[in-house]
Structure formats: C-alpha cells, structure tokens
Amino acid sequence: MKKRYFIVLILLMMFVSSVNASTLTYDRRTLDNYGVNKKWKITENNLDDILNTYAVNSSELIYDFSNILTDSEEREAYKLAKEFKENTGMELIFLTDNLYYSYDSKNEDYAVDFYDYNDFGIDDKHYSGIIFFRNTFTSPYYGLYFFGEAQLYYSDDIMNTILDNIYYDITNGNYYDGFELLTEELTKYYEKGYAPEYKYSYIDEMGYIQDKYRVPWGIAIIIPGIATAIIMSILISKNKMIRKEYKAHKYLIKDSVSYTRKEDRFITSHTSSYTSSSSSGGGSSRSGGSRSGSSGGGHRGGGRHG
C-alpha cells in the first residue's frame, strides 16, 4: 500500500513540475466583479467575453499556455519583461495559446481581452503596456498590441518594422530569441520618444489617442498680412489723388484748422491655449487610430501569419 502511494506521489510531482507556473488560472465566477479590477463596466454585451478570458496573476508577465518555452527560457523571458517595465514603466506581456480561429481579428480580441480583464498596467492611469501574442494553431499567428501611453511610441510603421525583425525567430520556433529581440526593439523605439505621428497627441481617460489643439500659425500670420497690404494700398491710392503743393500758405486759411492730440495707450494683452478632445460612437475604429475592445477601452496593434 505504501509503495502505491509513493508511486502516485511521484507521478503527481512529475505532473506539477511539468506545468509552467504562468499557466495557473482562476475561476472568474468565484472572484469579486469576475476578477475585473479596472474601470470597465460589465454588461450583457461583454460578460461572456470576460468569463471566457483567463484570470491570471498579473505579476507573472509570461503566460505560455502552448508550452513553447522551456522552464529556463521562461525564467529568462520573465527577467526581460521585468527589466522592460523597470526601464519604461510599462508592462510587457508574453502570451501564447493554441486558439482556434476562423478570422484574424479573433486573435486580437483574445489578446486584448486578456490584457483588459486582468490587472496589467493597473497602477498606471491609462493601463499602459504591450502584449505579444503567439497563436500556435494550425495556421500560426503572432501580433503586438499596445495600450495606454504605449500607443504613442509605436506607430504602424514602427510596429510593422518590429514584426518583420522578429519574423525569422518566431516562425522558426526560436521563441526566446524572438522575445529577446522584441524587447530590444521596443526599448530602442521607446527611448526615441513619441512617434512623429503622435508628437501632438495624448491618451484620453478611456485609452484612446486624441489630437491636441494646435494654433494654425501659418494662417494666423498670412491673413493679417494680406489685410494690412490691402489697407495700405487703399491709403496710398487715395494719397495719389491729392495735389501736391510746397507752399502751404496758398491753400491754408489761418485759424481754420484746429489740432487735437491723440494718444494710443496699450492696456494689456492675454493669450490662451487649450487642448480639445473628442469622442466617437460605437464600432471597432476610434479616434487617433485606436480601436475598441469588448471592454470599451482603447488599444492599437496588428499581427501576421507565420
């Protein structure tokens, strides 16, 4: 009997050791507010999406449900993600799964819900962060999705460049190497600051890119210049109609003209500037290039097959 228990114990230990810690999930139905601690509203429209999304410990950062990383690679990947957060203040999540999908946007929906309905970026006002998703299904797919302030650092061109650069490693199964290169690329572009396209943009309360109001200085300078030129040309033309005479006493009757002194006095000036914001209706496409997930929060991103 003792021998049987010993064998069962050994098998159980082997099973537990083979499961990566990052695959640990929780039943959302047992969690307060279904485990959604962000400001998203739970409605009939997104409840199923919430319940179908893994609830995880957000501090783990690496979630390899497809088991494509070895234990040592997972530990090293965690170090990379943690270092990225220390350097940028933004989350970097590595997510894999063997997800059946019939259209590409389902990959985006899956990754975005995973980010939105867990506590990633929760200490940041705009939940800023990045998630890399690798779907190992029959038609493999990988993508990058940006949230909060991260959207402003990585334009579509930058994102596509990064996806191109990691293509070889990802499609050839060198996942840790691909993730290492990914963190290097993301850090490089972060250090350059906001992408040129978003130099005058900001993130609103719901995570969408908005454009700051900018005074059209070109128009502000040209229009007054034209108006001044017109007025001067009129005055000059009127002046040409007056007969010139150098002997003023021939035309001027003494005591017929009185002079009044006029003084222009500058009182004060005031210049103001403001930032405008706008909101959009429903749908997947929102202002500034941001898109809406089922949570209602904004994000940007894309992916490809391979």
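In our numbering, the protein residues as written are 764 to 1069.
Here a beta-carbon is modelled for each residue, glycine too, at the ideal position from N, C-alpha and C.
Discussion item. Quick check: D827 and T851, are their CB atoms within less than 7 Å of each other?
Written reply: no
Worksheet item: Near G1046, what residues of its chain come up, given a Cβ to Cβ distance below 6 Å and the 5 sequence neighbours on each side ignored?
Response: Note that G1046 scores 36 on pLDDT, short of 50, meaning its location in the model is unreliable; the coordinates nonetheless yield the value given after this. Excluding residues within five positions, none has a Cβ falling inside 6 Å.
Worksheet item: Hey, out of V819, H889 and A818, whose CA is closest to Q914's CA?
Response: H889
Discussion item. Quick check for students: name the residue ranges of the alpha helix (DSSP H) that lie wholly in the segment 793-848, counting only runs of 4 or more.
Written reply: Within the segment 793-848, the complete alpha helix (DSSP H) runs of at least 4 residues are 810-814.
Discussion item. Here's the rule I'm using: 16 or more other beta-carbon atoms within 10 Å means buried, otherwise exposed. How should T816 be labelled?
Written reply: T816 sits buried, since 16 or more C-beta atoms from the chains shown fall within 10 Å of its C-beta.
Practice prompt. Starting from the N-terminal side, write out each stretch of the beta strand (DSSP E) that is 3 residues or longer and does not extend beyond the segment 886-944.
Written response: 892-898 and 904-910
Discussion item. I need the DSSP call for S1058, collapsed to helix, strand or coil.
Written reply: coil
Worksheet item: Would the beta-carbon of D920 fall within 7 Å of that of D932?
Response: no
Worksheet item: The alpha helix (DSSP H) with F857 in it runs from where to where?
Response: In this chain, F857 is not harboured by any alpha helix (DSSP H); it is covered by the beta strand (DSSP E) spanning E854 to D860.
Item to complete: State yes or no: is the C-beta of N881 within less than 7 Å of the C-beta of G906?
Response: no
Discussion item. Which residue marks the beginning of the beta strand (DSSP E) containing Y965, and which one marks its end?
Written reply: Here the beta strand (DSSP E) through Y965 covers S964 to I966.
Discussion item. Which residue wins for smallest C-alpha separation from K804, given the options R1063, G1066 and G1056?
Written reply: G1056
Discussion item. Mapping the DSSP letters down to three states, classify Y952 as helix, strand or coil.
Written reply: DSSP, read as helix, strand or coil, puts Y952 in helix.
Worksheet entry | N-terminal and C-terminal residue of the alpha helix (DSSP H) that D876 is part of | S868 to D879
Worksheet item: With 16 as the cutoff for other CB atoms within 10 Å, does I885 come out buried or exposed?
Response: exposed
Item to complete: Please work out which residues of its chain come closer than 8 Å, Cβ to Cβ, to F847, disregarding the five sequence neighbours upstream and downstream, and give them in chain order.
Response: M853, L855, T946, L949 and T950
Worksheet entry | Distance, G936 Cα to T833 Cα | 12 Å
Fill in: Simplified DSSP state of H1068, which is helix, strand or coil
strand
Item to complete: Check whether the Cβ atoms of L709 and N830 sit closer than 7 Å, and answer yes or no.
Response: Given a span of 764 to 1069 for the chain in the structure shown, any question on residue 709 remains unanswerable.
Worksheet entry | Per-residue DSSP class, three states only, for Y957 | coil
Discussion item. Does D790 pass the burial test, meaning 16 or more other C-beta atoms within 10 Å, or should it be called exposed?
Written reply: exposed
Worksheet item: What residues in its chain sit with their C-beta under 8 Å from that of L774, if we drop five residues either side in the sequence?
Response: Note that L774 scores 40 on pLDDT, short of 50, meaning its location in the model is unreliable; the coordinates nonetheless yield the value given after this. Excluding sequence neighbours, L774 sits near nothing in its chain.
Discussion item. Quick check on the burial criterion: 16 or more other C-beta atoms within 10 angstroms. Buried or exposed for H1068?
Written reply: Burial call: exposed.
Discussion item. Are the CB atoms of A818 and T788 within a distance shorter than 7 Å?
Written reply: yes
Worksheet item: Taking E960 as the reference, which of A840, P903, D974 and G970 has the closest Cα?
Response: D974
Worksheet item: Cα separation between D811 and Y908?
Response: 22 Å
Fill in: Among F857, Y864 and E954, the one whose alpha carbon lies nearest that of S822
Residue F857 is the option with its Cα nearest to S822.
Fill in: Strand pairing of D790, partner residues [DSSP]
Its beta-bridge partners do not exist; DSSP assigns none.
Worksheet entry | Chain-order list of residues whose beta-carbon lies under 7 Å from that of L843 (same chain, five-residue window excluded) | Counting only Cβ-Cβ distances below 7 Å, and skipping sequence neighbours, we find F942, E943 and T946.
Fill in: Close beta carbons around N808, own chain, < 8 Å, minus the five adjacent residues each side
S1057
Discussion item. On the criterion of 16 or more Cβ atoms from any shown chain inside 10 Å, does S891 qualify as buried, or is it exposed?
Written reply: buried
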